[in-house]
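One structure is given here, and the rest of the page talks about it.
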């Protein structure tokens, strides 16, 4: 099959795009979800054009070969992991910015462009694409679209789906495998038929391969944001402070939490001079301009004060503020240094944050699992990172149990198994526990209708 | 069939919910799209509970009777118009606010609650549900969800889809006809499977019947908005002013346009003392608090000034400002007084607004059709209202031609046939012209998968 696939691809697609070297294929066969299983791909294609993507999908459909699309491979749920015998379709070389329309606040880009690279190009024109996953320096827009990536600023500015107006995608089923479909629009509003764009965003490559994205932009923010820092003697106090911010109707442009283990891990690695004694640090940002912004920043301090902080202040030192947010961005790699990380992505109603944080501590203690927690606290989106020593099978089993219990606890609080990382492989079981069985049946109905051959990233998100 | 349907419904549903009186059924058989065809319904059901909706759908599926859901009937595309032999499923009596969760900025409501009624209840708790279609005093949340309604403030705050976190709906197909499906979530973020909630919003009752909606709320706005008024000697100048507002990165919370005919129609009716001499009036609102808001309001004035206005000022008189926005809300009924109105809802990229406005004038002149234009100008969403004298068939034919030409002109500019009213019956042909045929095929694929019996509002949006 591998031979036949290669031959068919070679007839249509320049052979320098095809990767058959086993080690290179393997390096393109997994994302950053260290615990997710990885299959053995038949071949990888580093596509340069939409036509190459279309040809590849058509050929794979003919041969019933699974297609696993990938961007930079920074995913944390295994969504981009190879399945046996698949074609890995690497889109990271399709990086063109086809159009920036400043008058209409629209950009049209290829999926492989890196989030921060796009931001830099837009900044020169006074424009802004808000979604800012912590992976923004490396992750691609296509990957962000596939997982409906969130980030720090979505507490105020929304997630990827809120910025995708339209797209081109190579789809199958009713569109015919290997055909390019135009979805969505480029106007500010539109209700012409079902919102297929919103359906594709977050579908993790299971309904087709996105080859172009039309993005909604914002004017670049004006003025200087304020940073508010709060240190707490317990995670639960920090959770109370966050709940109070929401309750008071404040809308910071970021509201992040780092726990003690995370602070220590970052500090041990980078020596930034963090408040590593605290059990929890909250970092908020307020970008409202002028006096109203000053008032809002003070409002966040006041909300923090209700939860008995060690301190809560508006930072007056730009460098300090920058260091704190740098620490937030470094949290994941800092914890990864300590051992393989099993990443949670649960999201709970914001008022349940104190309860959820207390539960995390309880679960970690009971299973003897080290849990470093970072959180987009303002959204109720928690990333407990379960860390196990390399090669310790008992610890690994304990972590797996803790992982499942955390998901159940989040679901009991009215939460979801995944706030922004996607289902991929790691959250498939959680998804089944979260969704109403009938809703799951509808999900399957859509997958069957749009990919009847089940070749688009099969075995991800939904079970066959 | 009608007998059999009535009998079956009568076995499951309290008979006082059923309406068989021909005149009453007829009164429930059409929305406000005066030009759209209306079929003859078999019977109407004024549902009070989700169970009644579920029973009705199950029975209709068994008997292959079409189900046409409706709220207040304020739609402008014929989406709620009866089809022959259907059950009209009136949800306007399901008006409960089941929950207001101020801590998490979430409300759970039944579909029949009127938009403004919900707003009033939320205001008491310092909360806000932003979407504000001009029909807000009458239209229901369920209807707003069905059409993904927009409104005045969506230029800054987004449309209905942006505020729907989840729902309960009676669906069919993979879920089984007559079963209630829970979709979506109540957390701030979530990517657990395909976004079926976004798919249902704007699907105009063709995929199921929404029985409960979980809405995202915002804190009530603080401070007093400023109103900016600009009068222009041509529609094109007004369009240039709007394009300049966007180009400068300003984000007013409303940016509305009224043309001369509209101003005259409102003034003749209500005698508000409007600037009825102007060829076009722009109304903007800025709700940014404090000095930054003052600056932004002045920025809007400055942008208006670049387009040679008669005048452009920040209104200093609250009553004047209120009157101007009242005039905007009264525009549609004022024009309706002049004759049957054929309502356009095209949306173009904002920079194309001057061209589109010029084209409207040209089309109206060429066909001898009176066109009153109101527009959510800041979104590029235009409502040219084509008015014909009662009983003048030639004028009606001319208006129909002008209607189609306006759609084609919008599509040529990269626009859409419907910004916020939905496709219903009136824009079905336009939808076919707008969408990529393959995209249309995918739309049909979804409809077939989720409603294989084609009983949910058949013959709307997509042709059979």
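Chains as they are written, first to last, in the UniProt record's numbering: chain A, 1 to 464; chain B, 1 to 464.
Virtual Cβ for every residue (Gly too), placed ideally from N, Cα, C.
Alpha-carbon spacing of residue i relative to residue j, whole angstroms
i	j	result
residue 154 of chain A	residue 375 of chain A	13 Å
residue 259 of chain A	residue 280 of chain A	4 Å
residue 151 of chain A	residue 159 of chain A	7 Å
residue 407 of chain B	residue 193 of chain A	16 Å
residue 112 of chain A	residue 414 of chain A	35 Å
residue 437 of chain B	residue 402 of chain B	24 Å
residue 252 of chain A	residue 104 of chain B	15 Å
residue 50 of chain B	residue 284 of chain B	41 Å
residue 274 of chain B	residue 143 of chain B	32 Å
residue 250 of chain A	residue 219 of chain B	8 Å
residue 342 of chain B	residue 138 of chain B	20 Å
residue 14 of chain A	residue 54 of chain A	14 Å
residue 241 of chain A	residue 306 of chain A	7 Å
residue 27 of chain A	residue 452 of chain A	29 Å
residue 171 of chain A	residue 168 of chain B	29 Å
residue 245 of chain B	residue 67 of chain B	44 Å
residue 363 of chain A	residue 92 of chain A	39 Å
residue 282 of chain A	residue 72 of chain A	30 Å
residue 272 of chain A	residue 231 of chain A	16 Å
residue 52 of chain B	residue 8 of chain B	12 Å
Extent of the continuous alpha helix (DSSP H) run through residue i
i	result
residue 57 of chain B	50-63
residue 433 of chain B	428-434
residue 115 of chain B	115-123
residue 184 of chain B	Looking at the DSSP string, residue 184 of chain B is not in any alpha helix (DSSP H); the run it does join, the beta strand (DSSP E), is 179-184.
residue 357 of chain B	353-367
residue 147 of chain B	141-147
Chain B contact for residue i (CB, 8 Å cutoff)
i	result
residue 351 of chain A	yes
residue 153 of chain A	no
residue 194 of chain A	yes
residue 262 of chain A	no
residue 42 of chain A	no
residue 418 of chain A	yes
Cβ-based burial, residue i [other Cβ within 10 Å; buried from 16]
i	result
residue 412 of chain B	exposed
residue 319 of chain B	exposed
residue 173 of chain B	buried
residue 308 of chain A	exposed
residue 390 of chain A	exposed
residue 311 of chain B	exposed
residue 212 of chain B	buried
residue 397 of chain B	exposed
residue 37 of chain B	exposed
residue 443 of chain A	buried
residue 190 of chain B	buried
residue 277 of chain A	exposed
residue 476 of chain A	Nothing about residue 476 of chain A can be read from this structure; chain A reaches only from 1 to 464.
residue 368 of chain B	exposed
Cutoff 8 Å: residue i Cβ touching any chain A Cβ
i	result
residue 444 of chain B	yes
residue 355 of chain B	no
residue 161 of chain B	yes
residue 359 of chain B	no
residue 181 of chain B	yes
residue 147 of chain B	yes
residue 270 of chain B	no
residue 291 of chain B	yes
residue 468 of chain B	Here chain B covers residues 1 to 464 and nothing more, so residue 468 of chain B does not appear.
residue 171 of chain B	yes
residue 246 of chain B	yes
residue 174 of chain B	yes
residue 185 of chain B	yes
residue 27 of chain B	no
Delimiting residues of the beta strand (DSSP E) encompassing residue i
i	result
residue 167 of chain B	164-171
residue 45 of chain B	43-46
residue 232 of chain A	226-232
Exercise. Below 8 Å, can you find three or more Cβ-Cβ pairs linking the region 56-68 of chain A to the region 168-188 of chain A?
Worked result: yes
Problem set entry | Segment contact, 8 Å Cβ cut-off, at least three pairs: the region 87-106 of chain B with the region 31-44 of chain B | yes
Problem set entry | Validate contact between the region 420-428 of chain A and the region 198-207 of chain A using beta carbons, cut 8 Å, 3 pairs | yes
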